[in-house]
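Per numbering that gives the first Met the number 0, residue 0 is the first one in the sequence shown, and the count goes up by one each step. Positions of the beta carbon are idealized from the N, C-alpha and C atoms, including for glycine. No experiment lies behind these values; they were computed from the predicted model shown.
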Amino acid sequence: MKRYIIVLLVGMLVLPSCSLYKKYESDATVDEKAMGDIVDSQDTTSIGDLNWRDVFTDPLLQQLIDTALAKNTDMRTTQLTIEQAQNSLKAAKWGYAPTFAFAPQATFTYQGGNNSNSVLIPVTASWQLGVFGQTRSQIRKSKSQLAYYQDYRQAVQVSLAANVANIYYALVMLDHELELAKYFEGLYEESYNSTQALYQAGIYTSPAVYQMEASLEEVRIEIVDLENSIIATEASLCLLLAEPPHPIERAKFEDFQMPEQIHIGMPARLLDARPDVRMAERNMEIAYYSTQQARQDFYPNITIGGLVGYTGTVDALDFIAQAVGELTQPIFQGGQLRAQVRNAKKEQEKAELEFVQALYNAGSEVYTYLHDCETAAKKAELIELRVNALKEAFNATSDLMDNGSTTYLEVLTAQESLLSAEFTMVQNQYEMIQSLINLYSSLGGFDTK
């Protein structure tokens, strides 16, 4: 009989080991069409592999990104979360060790006129063996959670650096627009003065003077709005730096250089480069170990406990030692354990779907941002031709007005068209820079690990 019991216990230990002790192995694959038709399967290089300092060489921008990474409250909060996960992992590793406690007791009893008292001064110990992998699964799950938060930290870092770069170049763009507006203010003043001179000469009527004056004031209003936008944008950048609002030192708009050629690389790179994709895979890993733990709840918990100390009355204490072995095997819990396993499996399925969606989200971002860069580059050539043509038109109409051979409306129209085209050119250049920043970050750039 004893032999059968031993065989049964050995079988209980060995048989479940295949499923309960197995470490998570990723079978995640990447759809080669995740980024559409923009990827050359032979191209193993990517702009995302470049250090962000080699892509964005402006030293003032580099200093701002370094400041944000060091001081931003979201980054610091994420670091604290990582430290919490590290503490949880350390605690899980202590699951193999026994626990000890000092638990003195004193009892006083009065019954039928008789008094009695006793004391117990023990050191208790308890050790859960975890022979069915409960502790091991918790350790592996804690490691996966720590890796998840480390990937999350990189995701916050990438997003923060990209936001700093976008706002920085928005400030540079606003500076350039302000310069243009002030330059056109001078042109409008010249046109206004010419219109006044022609009015005094009897060539123009008073409405022409008022129209030119109204257009001049409209440009001045634009200047005030731009100055206010600069102040507000500086304040938003200071928020990312965790600093009070203050002026931001920055470079000139024309100093920025786009990379001559942009490489995307193979779609499999997304698994290694994108923190959000890695986080989605970590979720699959965490869900796997949660399912493992749910299955392990079907198996017994074996605990060895005991105490060592003294017991008796205050006047006479006797040494005591006690050892207890306990096995707790779940028998019936109203279907809760089976429901836990089913739900854990459903969480695994959800994690797999979220991983697939994360891949397609990443591919869609790369696809969109790359085409944004290409579109902005194509538009830049056309806009430049338009601006040059409008400059010629403005110069010609200004000369004709000075000679009194054209109307003020033609000059006004030429001025407004040229100003609008110049602003469009600046906006398009900024969109090109913004697309590059977004493309770089979508390929895993801005990683400082």
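Do SER125 and THR98 have their C-beta atoms within less than 8 Å of each other? Numbered from 1 along the sequence shown, position 126 holds the residue referred to as residue 125. Numbered from 1 along the sequence shown, position 99 holds the residue referred to as residue 98. Cβ atoms of SER125 and THR98: closer than 8 Å.
With a CB to CB cut of under 7 Å and the five nearest residues on each side skipped, what residues in its chain are close to PHE101? Numbered from 1 along the sequence shown, position 102 holds the residue referred to as residue 101. Only VAL122 meet the Cβ criterion.
Spatial distance of TYR168 from VAL386 (CA atoms): Within the sequence shown, the letter at position 169 stands for residue 168. Within the sequence shown, the letter at position 387 stands for residue 386. Going from the Cα of TYR168 to the Cα of VAL386 covers about 22 Å.
Would you kindly work out how many angstroms separate the C-alpha atoms of SER441 and PRO274, rounded to a whole number? Counting from one through the sequence shown, the residue named residue 441 turns up at place 442. Counting from one through the sequence shown, the residue named residue 274 turns up at place 275. Going from the Cα of SER441 to the Cα of PRO274 covers about 10 Å.
Buried or exposed by the 16-neighbour rule on C-beta atoms within 10 Å, applied to THR106: Here residue 106 refers to the residue found at position 107 when the sequence shown is read from its first residue. Exposed, by the Cβ-count rule.
Please report the straight-line C-alpha distance between LEU438 and TYR368, rounded to a whole angstrom. Here the question's residue 438 lines up with position 439 in the sequence shown. Here the question's residue 368 lines up with position 369 in the sequence shown. LEU438 and TYR368: Cα-Cα distance of roughly 5 Å.
Are the CB atoms of LEU59 and GLN156 within a distance shorter than 8 Å? Numbered from its first residue, the sequence shown carries residue 156 at position 157. Numbered from its first residue, the sequence shown carries residue 59 at position 60. Their beta carbons are not under 8 Å apart, which means GLN156 does not touch LEU59 by this criterion.
For GLU176, which residues of its own chain have a beta-carbon under 8 Å away from its beta-carbon, when the five flanking residues on both sides are left out? Here the question's residue 176 lines up with position 177 in the sequence shown. Answer for GLU176: LEU225, PHE422, VAL425, listed in chain order.
On the CB-based measure, 16 or more other CB atoms within 10 Å of its CB, does TRP93 come out buried or exposed? Residue mapping note: residue 93 aligns to position 94 of the sequence shown, counting from 1. Result: exposed.
Say whether the stretch 320 to 336 touches the stretch 292 to 306, bearing in mind that this needs 3 or more beta-carbon pairs closer than 8 Å, one atom from each stretch. At 8 Å Cβ cutoff, the stretches touch.
Sequence-distant residues of the same chain with beta carbon closer than 8 Å to ASN116, five excluded per side: Sequence index remark: in the sequence shown, residue 116 carries index 117 (1-based). Cβ neighbours of ASN116 beyond the five flanking positions: ALA105, THR106, PHE107, THR108, THR312, VAL313.
Pair within 8 Å by beta-carbon distance, GLY443 and TRP51: Stepping through the sequence shown from its first residue, residue 443 is reached at position 444. Stepping through the sequence shown from its first residue, residue 51 is reached at position 52. TRP51 sits away from GLY443, with the two beta carbons spaced by 8 Å or more.
Would GLN295 be called buried (16 or more neighbouring beta carbons within 10 Å of its own) or exposed? Here the question's residue 295 lines up with position 296 in the sequence shown. GLN295 is buried by the Cβ-count criterion.
Can you tell me the Cα-Cα spacing of ASN282 and LEU159, whole angstroms? By one-based count along the sequence shown, residue 282 stands at place 283. By one-based count along the sequence shown, residue 159 stands at place 160. Cα-Cα distance, rounded: 23 Å.
With distances taken between CB atoms, is the gap from GLU212 to TYR191 smaller than 8 Å? Locating residue 212 in the sequence shown gives position 213, counting from the first residue. Locating residue 191 in the sequence shown gives position 192, counting from the first residue. Pairing GLU212 with TYR191 gives a Cβ-Cβ distance under 8 Å.
Could you have a look at THR327 and say whether DSSP puts it in helix, strand or coil? Here the question's residue 327 lines up with position 328 in the sequence shown. Note: THR327 maps to strand in three-state DSSP.
Would you check whether the ligand MN has a heavy atom nearer than 7 Å to the C-beta of GLN295? Looking for the ligand MN in the displayed structure turns up nothing, as the structure carries no ligands at all.
Taking only the alpha-carbon atoms, compute the straight-line gap between LYS349 and LEU358 and give it to the nearest angstrom. Locating residue 349 in the sequence shown gives position 350, counting from the first residue. Locating residue 358 in the sequence shown gives position 359, counting from the first residue. The straight-line gap from Cα to Cα measures roughly 14 Å.
Can you give me the Cβ contacts of LYS181 inside the same chain, cut-off strictly under 7 Å, excluding the 5 residues immediately before and after it? In the sequence shown, residue 181 corresponds to position 182, counting from 1. So the list reads ILE222, once near-sequence residues are dropped.
Beta-bridge partners of ILE319, as assigned by DSSP: Taking the first residue of the sequence shown as 1, we reach residue 319 at position 320. ILE319 pairs with GLY308.
Going along the chain, which residues of its own chain have a beta-carbon closer than 7 Å to the beta-carbon of THR66, five neighbours each way excluded? Position 67 of the sequence shown, counted from the start, is the residue given in the question as residue 66. Answer for THR66: LEU240, listed in chain order.
Shortest alpha-carbon distance to GLU188 belongs to which of VAL163, ILE202, GLU217? Here residue 188 is taken as the residue at index 189 of the sequence shown, counted from 1. Measuring C-alpha to C-alpha distances from GLU188 to each of VAL163, ILE202, GLU217 identifies GLU217 as the nearest.
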